[in-house]
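Q: Sharing a structure, written as structure tokens. Questions coming.
There are 2 protein chains.
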Amino acid sequence: MTISLYCFGESGNAYKAALPMELSGLDWRAVYVDFFNGETRTAEYRNLNPMGEVPVMVEDGLILSQSGAIQHHIVERTGRFGGRTDDERREILRWVLWDNHKNSSYSGTTRFLMNFLAEEKRSQEVINWLQGRTRGAWQTLETFLADRDWLVGSEVSIADFACCGYLYYPEPFGFERVEWPAIDRWLDRIAALDGWRHPYDLMPGNPSDREN
Amino acid sequence: MTISLYCFGESGNAYKAALPMELSGLDWRAVYVDFFNGETRTAEYRNLNPMGEVPVMVEDGLILSQSGAIQHHIVERTGRFGGRTDDERREILRWVLWDNHKNSSYSGTTRFLMNFLAEEKRSQEVINWLQGRTRGAWQTLETFLADRDWLVGSEVSIADFACCGYLYYPEPFGFERVEWPAIDRWLDRIAALDGWRHPYDLMPGNPSDREN
Numbered sequence: 004m005t006i007s008l009y010c011f012g013e014s015g016n017a018y019k020a021a022l023p024m025e026l027s028g029l030d031w032r033a034v035y036v037d038f039f040n041g042e043t044r045t046a047e048y049r050n051l052n053p054m055g056e057v058p059v060m061v062e063d064g065l066i067l068s069q070s071g072a073i074q075h076h077i078v079e080r081t082g083r084f085g086g087r088t089d090d091e092r093r094e095i096l097r098w099v100l101w102d103n104h105k106n107s108s109y110s111g112t113t114r115f116l117m118n119f120l121a122e123e124k125r126s127q128e129v130i131n132w133l134q135g136r137t138r139g140a141w142q143t144l145e146t147f148l149a150d151r152d153w154l155v156g157s158e159v160s161i162a163d164f165a166c167c168g169y170l171y172y173p174e175p176f177g178f179e180r181v182e183w184p185a186i187d188r189w190l191d192r193i194a195a196l197d198g199w200r201h202p203y204d205l206m207p208g209n210p211s212d213r214e215n
Numbered sequence: 004m005t006i007s008l009y010c011f012g013e014s015g016n017a018y019k020a021a022l023p024m025e026l027s028g029l030d031w032r033a034v035y036v037d038f039f040n041g042e043t044r045t046a047e048y049r050n051l052n053p054m055g056e057v058p059v060m061v062e063d064g065l066i067l068s069q070s071g072a073i074q075h076h077i078v079e080r081t082g083r084f085g086g087r088t089d090d091e092r093r094e095i096l097r098w099v100l101w102d103n104h105k106n107s108s109y110s111g112t113t114r115f116l117m118n119f120l121a122e123e124k125r126s127q128e129v130i131n132w133l134q135g136r137t138r139g140a141w142q143t144l145e146t147f148l149a150d151r152d153w154l155v156g157s158e159v160s161i162a163d164f165a166c167c168g169y170l171y172y173p174e175p176f177g178f179e180r181v182e183w184p185a186i187d188r189w190l191d192r193i194a195a196l197d198g199w200r201h202p203y204d205l206m207p208g209n210p211s212d213r214e215n
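In structure tokens, the structure reads:
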């Protein structure tokens, strides 16, 4: 049974689910969601996901949203990327939650406001405030990764895939790899994993589709 | 072994952990964190929690932060509030993540900016933007709870304790129960649970300590 992942290229939250699916060799396909033309606000989409968000995973009648919940399902299905001990499993959940709470949430929102929201709707004051939040999160990551290869244990895990979700995108949102050397090396380690692909290569849709 | 929960009364994130500990009858004690005088920014506290956040749970050498990770640990310890089936467990994790990503994160931040940050540092534009986000989250909750007693399955779970974390506080942050009748009834259901206590009764510290 092929897993369907409702997603689009610009969504770092979808990337967090798509990347471990791809790297674990799961049989999956991307179902493009036309977010920028309002598809997630339709009644049909809300029926699929009352939270109205991307990604959504559908597998043989199981419908699941929230990238972190999908990631934990991938771990259960494949035995990959979920840690080796109870301590590691707890730590992984902790980092996935932290990412959702403090890291990707602010990075993704800042990138959206700076790049995808109509210019007349942008507030520089809000962007500045959000960028303060993103920098706090990146500093936590930078400090923690200074003497570690991976966030938890001795192998890459869904914790890494959660926290890196927005950090490969080229659009400006305040993140410059040169400022964060430990994060920079960690992103290179993830990108060197066998089968790794950039979000715009792994999922359909990218900003150039909407140009002109 | 008594569990120590590093917390303070104003923290809805700490309440999400303290409430299921209390309701499940775990042997726990609150360790007051002097957040408003900068304790979480000290090197000592960062040594306990590199994320610099409240709550932190310490139990017999296990140190855990992020309320959702502590909640899942409580479920494992007690068998309570974690759902009965794999489907319910997945749904619970989904709601806990959604709460961290879209609900408590915005509610807690808005309440902080409006009540606890020095007035000269407040930005009304940021508060307005955050309030838009909180209303979107409350609408998702309101719609979902319209025909349900609990977020997942037929019993209260850590999903409910996550999503209600900031909604009992009296300080103004844009949430008025009268506007959200389904949420209002659900908050009453939670408050009617045997042993329920308000955050300011369950954890040490509240705004009146800092008056004068």
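These protein sequences, in sequence, are chains Z and U. Counting in the numbering used here, the first sequence runs from 4 upward without gaps. Counting in the numbering used here, the second sequence runs from 4 upward without gaps. Every residue gets a Cβ at the ideal spot worked out from N, C-alpha and C, and that includes glycine.
Identify, in the order they occur along the chain, each residue of the same chain with its Cβ nearer than 6 Å to the Cβ of U/G85, setting aside the five sequence neighbours on each side.
A: Result list for U/G85: V78, in chain order.
Q: Could you check which residue in Z/G139, Z/M24, Z/M206, Z/L120 has the C-alpha nearest to that of Z/N40?
A: Comparing Cα positions, the closest option is Z/L120.
Q: Indicate whether Z/T143 and U/M54 have their beta-carbon atoms separated by less than 7 Å.
A: In contact: Z/T143 and U/M54 (Cβ atoms closer than 7 Å).
Q: Can the beta-carbon of Z/A33 be found less than 7 Å from the beta-carbon of Z/L8?
A: Yes, the pair counts as a contact, with Cβ atoms nearer than the cut-off.
Q: Of the residues that make up the segment 65 to 95 of chain U, which ones have a beta carbon closer than 7 Å to any beta carbon in chain Z?
A: Result list: L67, S68, Q69, G71, A72, H75, H76, R93.
Q: Measuring only the C-alpha atoms, how far is Z/W132 from U/V129?
A: Distance between the alpha carbons of Z/W132 and U/V129: 7 Å.
Q: Could you round the C-beta distance between U/L154 and U/E25 to whole angstroms and report it? I think they count as a contact, below 8 Å.
A: U/L154 to U/E25, Cβ: 20 Å. No contact.
Q: Give a yes or no on whether the C-beta atoms belonging to Z/G177 and Z/Q134 are separated by under 7 Å.
A: Yes.
Q: Is U/C10 helix, strand or coil when you go by DSSP?
A: Strand, per DSSP.
Q: Drop a sphere of 10 angstroms on the beta-carbon of Z/D163, count the other beta-carbons inside from all chains shown, and report buried for 16 or more, exposed for fewer.
A: Burial call: buried.
Q: Any beta-carbon of chain Z closer than 7 Å to the one on U/M54?
A: Yes, U/M54 counts as interfacial toward chain Z.
Q: Does any residue of chain U bring its CB to less than 7 Å from the CB of Z/L205?
A: No, Z/L205 lies away from the interface with chain U (no Cβ there is under 7 Å from its Cβ).
Q: Grab the span of the beta strand (DSSP E) containing Z/L120 for me, first residue to last.
A: Run containing Z/L120: none; DSSP gives neither H nor E here.
Q: Our contact map puts Z/A140 next to Z/Y109 with C-beta atoms below 8 Å; I'd like the distance itself, whole angstroms only.
A: At roughly 6 Å, the Cβ-Cβ gap stays under 8 Å, so Z/A140 and Z/Y109 are in contact.
Q: Residues of chain Z with a CB under 7 Å from the CB of U/S7: which are they?
A: Within chain Z, no residue comes near U/S7; the closest Cβ sits about 17 Å away, beyond 7 Å.
Q: Please list the terminal residues of the continuous beta strand (DSSP E) segment that includes Z/V61.
A: 59 to 62 is the extent of the beta strand (DSSP E) around Z/V61.
Q: Which residues in chain Z have a C-beta closer than 7 Å to the C-beta of U/N103? List them in chain order.
A: Within 7 Å Cβ-Cβ: L100, N103, H104.
Q: My guess is that U/G15 and U/S160 are in contact by the Cβ rule of under 8 Å, so how many angstroms apart are they, rounded?
A: Between U/S160 and U/G15 the Cβ distance is about 17 Å, and since that is not below 8 Å, they are no contact.
Q: How about Z/R180 and Z/D191: are their beta carbons less than 7 Å apart?
A: No, they are not a contact pair.
Q: Would Z/T3 pass as an interface residue toward chain U - the criterion being a Cβ-Cβ separation below 7 Å?
A: For chain Z, the structure presents residues 4 to 215; residue 3 of chain Z sits outside this window and is missing.
Q: Among the candidates U/D37, U/G12, U/N103, U/I6, whose CA atom is the shortest distance from the CA of U/T137?
A: Measuring from the Cα of U/T137, the nearest candidate turns out to be U/N103.
Q: How should U/Y169 be labelled, buried or exposed, when 16 other C-beta atoms within 10 angstroms of its C-beta is the threshold for buried?
A: Classification of U/Y169: buried, given that the 10 Å Cβ count is 16 or more.
Q: With a CB to CB cut of under 7 Å and the five nearest residues on each side skipped, what residues in its chain are close to Z/N209?
A: Hits under 7 Å: G12, E13, Y203.
Q: Can you list the residues of chain Z that U/E174 reaches, using a CB-CB cut of under 8 Å?
A: Here the premise fails: no neighbours, minimum Cβ distance about 20 Å.
Q: Tell me which residues share the same chain as Z/L196 and place their Cβ nearer than 7 Å to its Cβ, disregarding the 5 neighbours each side in the sequence.
A: Cβ within range, chain order: L26, V159.
Q: Restricting to Cα atoms, I'd like to know which of U/Y18, U/P207, U/D212, U/S211 is closest to U/V36.
A: Of the candidates U/Y18, U/P207, U/D212, U/S211, the one whose C-alpha sits nearest the C-alpha of U/V36 is U/P207.
Q: I'd like the span of the beta strand (DSSP E) that includes U/W31, first residue to last.
A: Run containing U/W31: 31 to 35, per the beta strand (DSSP E) assignment.
Q: So, is Z/K124 buried or exposed, given that buried needs 16 or more other C-beta atoms within 10 angstroms?
A: Flag for Z/K124 reads exposed.
Q: Please report how far the alpha carbon of Z/D90 lies from the alpha carbon of Z/T45, in whole angstroms.
A: Distance between the alpha carbons of Z/D90 and Z/T45 is about 41 Å.
Q: Quick one, are the C-beta atoms of U/Y42 and U/Y48 less than 7 Å apart?
A: According to the sequence shown, residue 42 of chain U is Glu rather than Tyr. Yes, the pair counts as a contact, with Cβ atoms nearer than the cut-off.
Q: In chain U, which residues lie less than 8 Å from Z/T146 when you measure between Cβ atoms?
A: Within chain U, the residues near Z/T146 are P53.
Q: Drop a sphere of 10 angstroms on the beta-carbon of U/S157, count the other beta-carbons inside from all chains shown, and report buried for 16 or more, exposed for fewer.
A: Counting Cβ neighbours within 10 Å, U/S157 comes out exposed, since fewer than 16 surround it.
Q: Closer than 7 Å, Cβ to any Cβ of chain U: which residues of the segment 108 to 132 of chain Z, in chain order?
A: For the segment 108 to 132 of chain Z, which is checked against every Cβ of chain U, the residues closer than 7 Å are S108, S126, E128, V129, W132.
Q: Would Z/R180 pass as an interface residue toward chain U - the criterion being a Cβ-Cβ separation below 7 Å?
A: Judged by the 7 Å Cβ criterion, Z/R180 is not in contact with chain U.
Q: The beta strand (DSSP E) spanning Z/S68 covers which residue range?
A: Note, Z/S68: beta strand (DSSP E), 65 to 68.
Q: What residues from chain U crowd round Z/R97, counting only those whose CB sits closer than 7 Å?
A: By Cβ distance, chain U contributes L67, S68, Q69, A72.
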